[in-house]
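A short worksheet on the structure shown next.
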């Protein structure tokens with residue numbers, strides 16, 4: 001029997017293949033209605049995805065419209081060392097210290113970071129005192145100032161008595177007229193300027209090392 005090559009045959013073949021490619025919408029099923037209500041009560045809404053049943057993979061999420069690639073260029077040219085360095089600095093300078101429960105599926109190293117991009121609206125000042133910590137009862141990160149602030153004045157935060165090297169590395173900025181500014185030198189450089197008969201040079205180096213003033 002000769003295989004049909006007409007327009008009707010092609011439409012039937014495409015429709016047959018689509019049944020295996022496209023998903024069957026399951027959003028009207030009771031379990032998904034309850035799930036969507038549970039998510040909505042917690043502030044999550046998404047109209048671009050629907051629960052569906054797929055022939056090849058089973059249960060999954062189906063898009064309600066065509067999605068374009070996020071990258072117009074080859075990702076091999078995007079994900080390089082410079083991009084990694086930029087991403088790490090962007091994330092690291094916007095994180096706060098916060099303990100999390102350890103999960104076996106992640107790294108064994110302790111996870112003590114949380115993203116807090118809203119803190120970008122608060123500028124650092126070494127001349128103020130604040131108390132900042134995650135409140136386990138309210139489940140919020142709270143910052144309380146211990147310094148007076150007049151009406152319409154800028155409110156500052158203080159990340160601690162850090163020198164500009166630490167501020168630049170950890171937070172991405174330096175403070176003007178920083179009273180905690182320090183100059184780090186190596187012990188080899190200092191030894192060149194000690195008097196040859198100085199019997200206290202080892203003790204002096206030890207004191208500097210204890211206060212993290214050596215490279």
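Numbering (UniProt numbering), first residue to last: 1 to 215.
Glycine included, each C-beta is placed from N, C-alpha and C at the ideal position.
Under a 10 Å Cβ-count criterion, residue 51 is classified as buried, with 16 or more other Cβ atoms of the shown protein chains found around its own Cβ.
Taken through DSSP and simplified to helix, strand or coil, residue 77 comes out as helix. In chain order, 156, 157, 158, 175 place their CB closer than 8 Å to the CB of residue 125, counting only its own chain and leaving out the 5 sequence neighbours on each side.
For residue 38 and residue 30, the gap between their C-alpha atoms comes out near 12 Å. Within the same chain, 124, 159, 173, 174, 175, 178 come within 8 Å of residue 167 by CB-CB distance, once the 5 residues on both sides are set aside. The beta carbon of residue 180 sits closer than 7 Å to those of 126, 161, 162, 163, all from its chain and outside the five residues before and after it, given in chain order. Note on residue 43: under 16 other CB atoms within 10 angstroms of its CB, so exposed under the neighbour-count rule. Remark: fewer than three beta-carbon pairs, one from each stretch, lie closer than 8 Å, so the region 53–67 and the region 87–96 are not flagged as touching. Taking the CA atoms as reference points, residue 169 sits about 28 Å from residue 76.
Beta-bridge partners assigned by DSSP to residue 60: 52.
In the structure shown, the three-state DSSP call for residue 135 is strand. Leaving aside the five residues that flank residue 62 on each side, the residues in its chain whose CB is nearer than 6 Å to its CB run, in chain order, 23, 50, 52.
A Cβ-Cβ contact shorter than 9 Å links residue 95 with residue 116. Minimum Cα-Cα distance from residue 110 among the listed residues 99, 135, 119 corresponds to 99.
Assignment of beta-bridge partners to residue 157 by DSSP yields 124.
The C-beta distance from residue 129 to residue 147 rounds to 6 Å, short enough to fall under 8 Å.
Per DSSP, the beta bridge partners of residue 143 are 132.
Counting other Cβ atoms within 10 Å of its Cβ, residue 119 reaches 16 or more and is therefore classed as buried.
Nearest to residue 208 by C-alpha distance, out of 54, 197, 153, 182, is 182. The three-state secondary structure of residue 202, taken from DSSP, is helix.
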